[in-house]
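4 protein chains.
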Amino acid sequence: MVWEENSIMARRGVARGEAGLTHELTEDRQGVYHYVYGPYAEPVLRIRPGDIVVAETRDAFEGVIKTADDKPSELLHMPFLNPQCGPIAVEGAEKGDVLCVRIHSIKPRGPQPVGTTALISEFGGLVGTMQTAMLNQPLPEIVRKLEVTEDGIRFSPRITLPYEPFIGTLGVSPEIEAVSSLQPDYWGGNMDLPDVGPGAILYFPVHHKDAYLYLGDCHATQGDGELCGVAVEIASTTTVQVDLIKGWQIHWPRLENERMITAIGSARPLEDAARIAYRELVRWLADFGFEEIDAYFLLTQAGKVRLGNMVDPKYTIGASISKAYLSQN
Amino acid sequence: MVWEENSIMARRGVARGEAGLTHELTEDRQGVYHYVYGPYAEPVLRIRPGDIVVAETRDAFEGVIKTADDKPSELLHMPFLNPQCGPIAVEGAEKGDVLCVRIHSIKPRGPQPVGTTALISEFGGLVGTMQTAMLNQPLPEIVRKLEVTEDGIRFSPRITLPYEPFIGTLGVSPEIEAVSSLQPDYWGGNMDLPDVGPGAILYFPVHHKDAYLYLGDCHATQGDGELCGVAVEIASTTTVQVDLIKGWQIHWPRLENERMITAIGSARPLEDAARIAYRELVRWLADFGFEEIDAYFLLTQAGKVRLGNMVDPKYTIGASISKAYLSQN
Amino acid sequence: MVWEENSIMARRGVARGEAGLTHELTEDRQGVYHYVYGPYAEPVLRIRPGDIVVAETRDAFEGVIKTADDKPSELLHMPFLNPQCGPIAVEGAEKGDVLCVRIHSIKPRGPQPVGTTALISEFGGLVGTMQTAMLNQPLPEIVRKLEVTEDGIRFSPRITLPYEPFIGTLGVSPEIEAVSSLQPDYWGGNMDLPDVGPGAILYFPVHHKDAYLYLGDCHATQGDGELCGVAVEIASTTTVQVDLIKGWQIHWPRLENERMITAIGSARPLEDAARIAYRELVRWLADFGFEEIDAYFLLTQAGKVRLGNMVDPKYTIGASISKAYLSQN
Amino acid sequence: MVWEENSIMARRGVARGEAGLTHELTEDRQGVYHYVYGPYAEPVLRIRPGDIVVAETRDAFEGVIKTADDKPSELLHMPFLNPQCGPIAVEGAEKGDVLCVRIHSIKPRGPQPVGTTALISEFGGLVGTMQTAMLNQPLPEIVRKLEVTEDGIRFSPRITLPYEPFIGTLGVSPEIEAVSSLQPDYWGGNMDLPDVGPGAILYFPVHHKDAYLYLGDCHATQGDGELCGVAVEIASTTTVQVDLIKGWQIHWPRLENERMITAIGSARPLEDAARIAYRELVRWLADFGFEEIDAYFLLTQAGKVRLGNMVDPKYTIGASISKAYLSQN
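Chains as they are written, first to last, in my numbering: chain F, 66 to 394; chain W, 66 to 394; chain G, 66 to 394; chain S, 66 to 394.
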C-alpha cells in the first residue's frame with residue numbers, strides 16, 4: 066500500500082482518495098494570469114473534490130527574461146510579478162473547510178534554457194531591500210539562464226544540481242483581501258518551501274466560497290531561504306489532485322508526506338514564522354492524542370525546521386515531526 | 066500668514082491652496098463601510114482637488130461594543146473590523162501622483178460614552194498574538210467605555226486625558242491589491258500615528274486611477290505604540306481637504322505640519338519601520354538641497370522618531386526633522 | 066522647592082538628598098580607561114552615597130580622530146572603543162539594591178573642534194553591518210569635526226544645533242559578566258538615550274558588591290536612533306551625584322526627571338526593547354497604586370516612547386508616562 | 066581513508082592530523098565550573114595542538130534537578146547556569162588564529178535518569194520571556210527526568226528517541242569580554258546546534274592568547290530550535306581533539322563534517338543569524354575558488370539551513386553547502 070492511501074486527505078477527504086475528472090488548465094484556457102490571491106477574479110475552472118488539474122504555470126517573471134543580457138529592471142514591473150494560474154473554484158468548499166492539494170508531478174515546460182535566476186536590485190537575503198532599507202549601493206543586476214531537464218540543472222560547466230522541483234506559490238483566496246502573489250501568509254501564497262513538491266499533500270484553510278485555488282512559480286530546485294530571492298525559476302506542467310475536508314479547523318497551511326507532518330508559518334521577523342509554525346504543530350499534535358505540554362516537549366527534542374524563503378514580504382518556516390512518533394503516543 | 070499657505074500642498078497642489086466644494090459623507094451616503102484598502106469597491110464620492118470632505122467615521126468596532134459588559138470575542142468578526150469611509154475618487158489622480166490630505170478637524174460623534182478601549186484576546190503589544198505565537202493563556206477580555214468630549218477624556222475618576230484626536234487609518238488604494246484596513250503599509254492604512262491629527266497634511270503616493278481615498282478609525286487620544294492595541298476609539302465627524310500634486314515621486318506616506326516634516330514607514334520588525342522612515346526622510350531632504358551624506362549626518366544629530374502602533378500586522382514609525390533646519394542648508 | 070527634593074532618590078536614597086564629598090576623577094586619576102562593564106577591574110574611586118563625582122570622560126574614539134582626514138578604520142581597533150571612567154565603588158551597595166545617579170552637568174572638554182561624528186564601515190542604522198550582514202559595498206568612511214560649545218554645535222555654515230548634552234554610556238557592573246561598553250543591557254551601558262542628560266536621575270539595579278559605576282561617551286547632541294551610529298561625540302567634564310536605595314527591586318534601568326518617569330529596555334529586535342520598557346513601566350506603576358490592567362490601559366492612551374540607539378549590539382527604547390497622571394490615581 | 070584525513074584541520078592544522086597527548090579533565094581536576102566565556106579565569110589545563118581532552122561535563126543545571134518534583138525556580142540561580150569545563154589553554158594560539166575542535170565522542174555520565182528537560186518560567190520559544198516581555202501568565206514549571214543510554218532516550222512509555230548527542234556550548238574566550246555561557250556569539254558559546262556532535266570538526270576564531278577553550282552543556286538529543294529551551298540535558302564524558310591553524314582569518318564559528326561545510330551565525334532577530342551564517346559561507350566559498358556572485362547563486366539553489374536554538378539571548382543558525390559541489394567548481 067502506498068502511504069497516500071492512509072493520508073489525512075484519503076481518510077477524511079470528501080472524495081475518499083478516489084480520483085475524479087482530469088482538467089487541462091493550459092495557457093490558453095488560463096488566458097490572463099493573476100498577481101493577487103483574492104476573491105475578485107472569475108474562476109477559470111470549476112472542479113469537484115477528487116478532480117485532477119494539469120496546469121501550465123508560467124515562471125515568476127512570466128517568461129520575459131529570455132537571455133542573460135536582459136535587464137530585470139527594464140522588463141519587470143511591480144506589482145505584475147509572479148503570475149498565477151487560477152482561481153480554480155472547488156465545488157462545495159466553504160469557509161471553515163480545508164482544501165487538500167496533492168502534488169503529483171512538476172515538469173519543466175518551454176524552450177531551453179528554461180531556468181532563470183537573477184540578482185534583482187534591492188531584493189534578496191543579503192542585500193538592503195525596500196523593507197530593510199539601506200543607503201548602500203545595490204548589487205549589479207545579473208541574469209543567469211540555466212538548462213533544466215528532469216535529469217538535472219546545469220548550474221555551471223562543472224556543477225549539475227539535482228532536479229528537485231516544487232511549487233513556490235500555492236494557496237487559496239483570503240475572504241475579502243486580494244494580496245500580492247509575492248507574499249506568503251495564512252492562506253499559503255509565496256512560501257517557497259522546498260517540501261512542497263511531488264509526493265506532498267498540502268492543506269489550506271478555506272476562507273471564501275469555492276476556495277479559489279491559485280498556483281504558480283515552480284522552481285526546478287532551491288536552497289533553504291532562497292537566498293538571492295530567485296530560485297531556478299521555470300515554466301512547468303504541474304499536476305495536482307484536489308480534495309476537500311469538511312469540519313477541520315486549521316489556521317495556517319499544513320503539509321503531509323510519507324515521512325512527516327509539517328505546519329507552515331509566514332511572518333517577520335523570522336522567529337515569528339517559527340513560532341507560528343511550531344504552535345500550529347503543537348495544536349495539530351492534539352489530533353494524535355498529545356497533551357499540549359507533551360507536544361511542546363516532544364517538538365523540543367524531535368522537531369525539525371525547514372526555512373522556506375527569507376526574502377519575501379513575509380518569511381516562511383515549516384516545522385515538522387516524524388510520523389514515526391505519532392503512532393506511538 | 067498661517068503656515069499652511071506655505072505648505073507643500075499649497076505651493077505644489079493642483080488647487081494651489083484654494084478650497085473647492087464641501088462634500089458631506091454621512092453614514093447614509095457611505096452606506097456600507099469597507100474593510101479593505103483596494104480598487105475593487107465603487108467610489109462613494111467623486112471630488113476634485115481642493116474639495117473638502119466632512120466624513121462620518123465609525124469607530125474601529127463599528128459601534129457594536131456598547132457597554133463594558135460586552136464581549137469583543139462574541140461581537141467582533143475578523144476580517145470585518147476597522148470600517149472605513151470611502152473610497153473617495155479624486156479626479157485627475159494617476160499612478161505616480163501624490164494625494165494630499167489636510168486634516169481640519171476631528172469631532173466625537175454619537176451617544177456617550179462614545180469612547181471605547183478594550184483588551185482583545187491575542188492582540189496587543191505585551192501579549193502573545195497570532196503572529197508572535199505563544200502558548201501562554203491570553204489575558205481576560207476587558208472593555209472600558211469612556212466619556213469623550215472636546216474638553217477631555219474621562220479615563221478614571223481621577224484622571225482626565227486631553228482630547229488629542231487623530232485619524233488612525235488613512236490612505237489610498239494599492240494598484241491591484243485589496244488589503245485589510247487593519248494593516249498599515251506604503252499606501253497608508255492603519256498607521257495609528259498620533260501626529261496624523263488636525264493641523265497635519267498627509268502625502269500619499271497614488272497607485273490607482275482617482276487615488277481612492279479611505280479614512281476611518283479615529284482616536285480621541287493614544288499613547289505611542291497603542292500598547293494594548295486599542296486606543297480611545299471613537300465615531301467622529303472628520304473634516305479634511307484634499308489636493309493633488311503631479312509629478313512628485315514618493316514611496317511611503319509623508320506628513321507635514323507647522324513644525325516639522327515626517328516620513329512614515331511600516332514594517333516588521335520595528336527597526337525596519339524605522340529604517341524605511343529614515344531612508345525616505347534622507348531622500349526627502351534632497352528636495353531641500355541636502356546631499357545624501359549630509360542628510361544622514363543631520364538626521365543622526367537632529368532626527369526625531371515617533372512610534373505609531375506596535376500592535377498591527379506591520380508596525381509604524383514616523384521619522385521627522387524640524388523645519389528650522391530646512392531653510393538653513 | 067525644586068522637583069529633585071521630591072524625587073525618588075531624595076525620598077528613598079540612603080543620603081536623603083544630602084550632598085556628600087566631591088571627588089575629582091581626572092584623566093590622571095582614571096589612568097587606564099575601560100572597554101567593558103564588569104567586575105574584574107579595580108575601582109578607581111571609592112565613594113559614599115550622596116557623594117558627587119566630577120569625571121573627565123573621553124570621547125567614544127578616545128580622542129584619536131583629530132581631523133576630518135583621519136581614517137577610522139586605521140585608528141580604531143575593536144574591542145578597544147568607547148572608553149569608560151570607573152569603576153567607581155559605592156560603599157554599601159549590594160546585589161538587589163538600586164544605584165541612583167543624578168546628572169548635574171556635562172561640559173565639553175578639550176581643544177576645538179572637540180566634536181566628532183563619522184561614517185564607520187559596516188556600522189549604522191541605514192547600512193549593512195556585522196549583524197545585519199549584507200553583500201553590498203559599505204559607504205565611504207567620512208569624518209566630520211565640529212566646534213562644540215555650551216552655546217551650540219556648528220553643524221554646517223548655516224546650521225547650528227542646540228547643545229543638548231547627555232551621557233551615552235552609563236551603568237553598573239553585571240554580576241560575573243564583563244560586557245563591551247558598546248552594548249546596552251539591563252545594567253545600563255551604551256543606551257544612547259538623549260533623556261540621560263542634566264536634570265535626569267537614573268536608577269540601576271545593582272548586581273555586584275559596591276555597584277561599580279561606569280560612565281563615558283558623552284554626546285553634545287543626538288537625534289533619536291543615533292542614525293549613522295555616531296552622535297556628536299565629545300570629551301567632557303561630567304558631574305553626577307550618586308545615591309543608593311535599599312530594598313527596591315528593579316530589573317532594568319529607570320529614569321526620572323521633572324516631568325516624567327521612564328523605564329528603559331534594550332534588545333533586538335526593536336519591538337522587544339519596547340516591550341521590555343513598557344512592561345517595566347507597567348510594573349513600576351504598581352508603586353503608584355495602579356493595578357496591572359489599569360496601567361496597561363493608561364500607557365496605551367498616554368505612554369510616550371523615545372528611541373535611544375538603533376545601531377548598537379542591542380537597541381534601546383525608553384517608555385515614559387507623565388508625572389501628572391501619577392498623583393491622580 | 067577516512068574523511069578526516071582530508072579535513073581542513075588535518076591539512077592545515079599545526080599537528081597535521083597527528084594525535085598528541087590525552088588529558089583527563091575530570092570533575093575533580095576542573096574543580097569550579099565556569100558560567101562565563103572570558104579571559105579572567107585561570108586555565109585548568111594547558112595542552113598542545115593535536116592533544117586530546119576527555120572532559121567530564123556537567124548538565125546545564127549542574128545536576129541540581131534530580132527529580133520530576135524539583136522546582137527549577139527554587140534551585141536555579143541566574144547567572145550561575147550552564148557550567149562549563151575550561152578554560153583550556155592551547156599553546157601557541159594567538160589572536161587571528163583558528164582553533165580546531167574535532168569531536169570524537171559524547172557519552173552519558175552519572176546516575177539514571179541522567180536526562181533532564183523542563184519548562185522554566187519566562188524561558189522558551191513559545192512563551193513570553195525576559196526579552197520578549199509579555200503580561201501573560203507564565204506556563205507552569207514542569208520537570209521531566211529521562212533515562213538516557215547510548216541506545217536511546219525513553220521519552221515516554223511509547224516513544225524512544227534516538228541518542229544523537231552533541232555539545233550545546235562550545236567555544237573560545239572573547240578578547241576582553243566575559244559573557245554568560247547562556248549566550249552564543251562569534252566565539253561560539255551556547256549555539257545548541259545539533260550538528261556539533263561526534264564526527265564534526267569546529268573552527269573558532271581565536272581572540273585571546275592560548276585561545277581558552279570552554280565546553281559543556283551536552284544534549285542527548287534536541288529538535289531544531291530547542292523549542293521549550295531545554296533539550297535532553299545530560300552530564301557527559303566528552304572526548305575532543307584540538308588543533309590550531311595559523312593565518313586563517315574567520316569571523317564566526319565554522320563546522321566541517323564528512324558531507325558538508327557550515328558557517329554558524331548567532332543574532333536576533335533570527336534573520337540576522339541567517340544573514341551572518343550565509344554571508345560567512347559566501348566568503349568561505351572563496352577558498353574553493355568561487356567568485357562572490359557565484360557563491361551567492363550557488364547557495365540560493367543548494368544552501369541548507371539548520372536552526373540551532375531560538376531561545377537563547379541570541380538565536381543560532383548554521384548555513385551549509387554540500388562538499389559535493391566544492392570540488393567541482
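The beta-carbon is built from N, C-alpha and C at its ideal position, and this holds for glycine as well.
- With fewer than 16 other Cβ atoms from the protein chains shown falling within 10 Å of its own Cβ, F:Pro176 counts as exposed.
- Here W:Ala154 is bridged, per DSSP, to W:Arg111.
- Partner residues in the beta bridge of G:Phe231, as assigned by DSSP, are G:His284.
- The three-state secondary structure of S:Lys172, taken from DSSP, is strand.
- Under DSSP, G:Phe355 forms no beta bridge with any residue.
- In chain order, Phe126, Val129, Ile130 place their CB closer than 8 angstroms to the CB of S:Leu140, counting only its own chain and leaving out the 5 sequence neighbours on each side.
- In the DSSP assignment, G:Arg81 falls outside any beta strand (DSSP E), carrying neither H nor E.
- The bridge partners DSSP lists for F:Asn374 are F:Gly290.
- A distance below 8 angstroms separates the beta carbons of F:Tyr98 and F:Arg123.
- When DSSP states are grouped into helix, strand and coil, S:Gln95 belongs to the helix group.
- Residue contact check for S:Phe231 against chain F: no CB pair falls below 8 angstroms.
- Distance from the CA of W:Pro205 to the CA of W:Arg223, rounded to the nearest whole angstrom, comes to 24 angstroms.
- Taking a beta-carbon distance threshold of 8 angstroms, F:Gln366 counts as an interface residue toward chain S.
- In this structure, G:Val155 keeps its C-beta atom at 8 angstroms or more from the C-beta atom of G:Val305.
- Contact holds between the stretch 366–385 of chain G and the stretch 319–334 of chain G, because three or more Cβ pairs, one in each stretch, are under 8 angstroms apart.
- The CB of G:Gly330 never comes closer than 7 angstroms to any CB in chain F; the least such distance is about 17 angstroms.
- Shown here, F:Pro270 sits in a strand according to DSSP, grouped into three states.
- Using beta-carbon distances, G:Arg333 counts as an interface residue toward chain S, with a partner under 8 angstroms.
- Against S:Ser245, the close residues of chain G are Glu242, in the order they occur along the chain (beta-carbon pairs closer than 7 angstroms).
- Under the three-state reduction of DSSP output, F:Ile386 falls in the strand class.
- Boundaries for F:Ala339: no beta strand (DSSP E) harbours it, while the alpha helix (DSSP H) harbouring it runs 335–350, taken from the DSSP string.
- Here the alpha carbons of G:Asn201 and G:Lys210 stand approximately 27 angstroms from one another.
- At a cut-off of 8 angstroms between beta-carbon atoms, W:Gln196 makes contact with chain F.
- Exclusion of the five residues before and after F:Arg113 leaves Gly85, Glu156 as the residues of its chain whose Cβ lies within less than 6 angstroms of its Cβ.
- Closer than 8 angstroms at the C-beta level to chain W, one finds these residues of the stretch 178–209 of chain S: Leu191, Val192, Gly193, Thr197, Ala198, Met199, Leu200, Asn201, Gln202, Pro203, Leu204.
- Listed in chain order, the positions of the stretch 90–122 of chain F with a beta carbon within less than 7 angstroms of a beta carbon of chain W are Tyr100, Val101, Gly103, Tyr105.
- Under the Cβ criterion of 8 angstroms, W:Gln287 is counted among the residues facing chain G.
- In the structure shown, W:Tyr105 adopts coil according to DSSP, grouped into three states.
- Counting C-beta atoms within 10 angstroms of its own C-beta, F:Ser72 has 16 or more neighbours from the protein chains shown and is therefore classed as buried.
- Interface with chain F (8 angstroms Cβ-Cβ cutoff): W:Val347 is included.
- For W:Glu321, the enclosing beta strand (DSSP E) starts and ends at 319–321.
- With contact defined as three or more Cβ pairs closer than 8 angstroms, the stretch 180–192 of chain S and the stretch 159–170 of chain S are not in contact.
- Under a criterion of Cβ atoms nearer than 7 angstroms, the residues of chain W adjacent to G:Glu336 are, in order, Pro334, Leu335, Met375, Tyr380.
- Apart from the 5 residues on each side of it in sequence, W:Pro259 sits with its Cβ closer than 6 angstroms to the Cβ of Phe231, Gln287 in its chain, given in chain order.
- Here W:Thr182 is actually not in contact with W:Ala300; their C-beta atoms are around 14 angstroms apart, not less than 8 angstroms.
- Residue-level contact check: F:Leu140 does not touch chain S, since none of the beta carbons of chain S fall below 8 angstroms from its beta carbon.
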